[in-house]
């Protein structure tokens, strides 16, 4: 097969088929249309994600996974009351409110910022190679437990208050699986998460392991807060997939978000925080002149898409050159 045809297959046909697969065929739940897919489905990551799906071990190939296949996590469930005490100390001392304060750098979370408006909040324990100083100080028992579990890449306490929700979405990057450990929950079926049509309600001391790149949403329709430990677990893949996982984990490490002053911040988080004044002006424009706001917003979105296309084209041209050189 000619080199150009191989390059076209890899850089055009496969990405297009990956987008179609995620949009139309993966799982039981479907996007309501292209707009939801573009807003909630992170299509730019589809090609690499699809490669990881294909390279995943059998135990990681369904929306809901068997926790028994990941025995390293048993220590967390065995010590759930110790972890719960750390989480309640944080909650009672107002740390969850502090991380969603717009005056704090912790507010500028590239990965989870859109959840704040629905009432969700978090406190990071560990994030892709970094343990925050604030976590070591304020939840030391949990941090100590997490240190010895190599498959846990990220961990945080998350709070879903009464009446709050997370709208339907999927997480963008497939290098991980998602682990939940119930700590202080309503223990009620009206506080639940639905993953690709599978409904699970949280209970104290009980676990859930799932693939967060399937469509999912959550609600707390009770009058009691839901507090859990949420972890990113290394996706088990065959050897060839470990290179993609390494690349993805490097990206995620740059999304490190501080809890409090004195914690480290990743590159993306620093850039995002630096854009806060521009964001504030955009919100003001939205209130005063929505037509102009939409024009500016879509112009910026199109510029970003154009830049991504140019970057991908440059990468493709370089790789095609390599193919020709070795052909």
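Residue numbers (my numbering): 1161 to 1487. Beta carbons: idealized from backbone N, C-alpha and C, even for Gly. Remember, predicted model here, so these are calculated numbers, not experimental data.
Query                                                                                                                     : Result
Reference residue 1295, options 1288, 1289, 1303, closest by Cα                                                           : 1303
Opening and closing residue of the beta strand (DSSP E) in which residue 1283 lies                                        : 1281-1287
Nearest-angstrom Cα separation, counted from residue 1208 out to residue 1356                                             : 21 Å
Coarse secondary structure for residue 1392, derived from DSSP in three states                                            : strand
Endpoints, beta strand (DSSP E) assigned at residue 1261                                                                  : Note, residue 1261: premise wrong, no beta strand (DSSP E); not H, not E.
Nonlocal neighbours in the same chain, by C-beta distance under 7 Å from residue 1271, ignoring five residues either side : 1415
Endpoints, alpha helix (DSSP H) assigned at residue 1249                                                                  : 1240-1252
Bridge partners - residue 1358, DSSP secondary structure assignment                                                       : 1355
Nearest neighbour of residue 1429, chosen from 1413, 1229, 1214 [CA to CA]                                                : 1413
Simplified DSSP state of residue 1345, which is helix, strand or coil                                                     : coil
Whole-number beta carbon distance between residue 1239 and residue 1305, since they are thought to touch under 8 Å        : 6 Å
Expected contact under 8 Å - CB spacing of residue 1281 and residue 1418 to nearest Å                                     : That pair is no contact at about 14 Å.
Selected residue, minimal CA-CA separation from residue 1185, among 1259, 1297, 1328, 1375                                : 1375
Runs of alpha helix (DSSP H) lying entirely within the segment 1398-1433, each at least 4 residues, in chain order        : 1401-1413
Contact check, residue 1124 vs residue 1213, beta carbons under 7 Å                                                       : The structure shown does not extend to residue 1124, since the chain is modelled only from 1161 to 1487, so the question has no answer here.
Stretch pair the segment 1361-1380 + the segment 1171-1179: three plus CB contacts closer than 8 Å                        : no
8 Å CB neighbourhood of residue 1404 in its chain, flanking five on each side removed                                     : 1208, 1211, 1212, 1215, 1335, 1397
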